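Numbering (the working numbering), first residue to last: -3 to 201.
C-beta: ideal position from N, C-alpha, C; glycine also.
Since we're looking at a predicted model, the values are computed, not measured.
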Ligand code: DGL
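Structure follows, in structure tokens:
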């Protein structure tokens, strides 16, 4: 808690993507004090190994410990699916994470899931995918995270057609918090609804 008695939550992402989730959390929890740790110097995380992700995440968690955070929010699908279990075991405060919102898109018969390569190859993602019925195509537009980091806040400069697969899905899961910035543009590109985990994760927090 801070000096004014407000709960403090540390929010962590590889860079700016987690701010899409932070915005949702601030809307739902206006009395909570948030600290944001964006590891822009080491982004993107999507091509990194589980060991690297765990070691980078510990640096953020150590900062949250040092500032006396009451909880941590992993605003990164890549870190959540790779190593949230380790972080929960190692740190004394609750650790909340975010994962691709496949359940929210359960009604789609021809789903496209956009996430990082690390998320898509994780055991946690395989578990989510096993629960699903209906056709699902997974795609990791790896250069898109770097383009968002480089161009923010002028995201209109990004030619999304260069990053997205030419498919006709009836729904798109944005399984990376960076992609939520482009929710409207991706929805228009495919003419299909986009689903993300931000509202559900903020509620869980
Ligand atoms: N924003 C992150 C996610 O939700 C990580 C993106 C990256 O650094 O590759 O997965």
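When DSSP labels each residue in this structure, what does residue i get in the three-state scheme?
i	result
residue 28	coil
residue 122	helix
residue 60	helix
residue 67	strand
residue 153	helix
residue 89	coil
residue 132	strand
residue 79	helix
residue 72	coil
residue 35	coil
residue 9	strand
residue -2	coil
residue 139	helix
residue 177	helix
residue 99	coil
residue 114	helix
residue 21	helix
residue 49	helix
Cβ of residue i versus every heavy atom of the ligand DGL: is any distance shorter than 7 Å?
i	result
residue 202	Outside the shown range of the chain (-3 to 201) lies residue 202, about which nothing can therefore be said.
residue 40	yes
residue 193	no
residue 158	no
residue 115	yes
residue 197	no
residue 172	yes
residue 118	no
residue 133	no
residue -2	no
residue 59	no
residue 141	yes
residue 10	yes
Using a 10 Å radius around the Cβ and a threshold of 16 neighbouring Cβ atoms, would you call residue i buried or exposed?
i	result
residue 10	buried
residue 57	buried
residue 17	buried
residue 136	buried
residue 165	buried
residue 95	buried
residue 20	buried
residue 194	buried
residue 118	buried
residue 163	exposed
residue 44	buried
residue 150	exposed
From the DSSP output, read off the bridge partner residues of residue i.
i	result
residue 109	134 and 169
residue 191	169
residue 4	29
Going by the C-beta, is residue i closer than 7 Å to any heavy atom of the ligand FAD?
i	result
residue 14	You won't find the ligand FAD in this model; what it holds is the ligand DGL.
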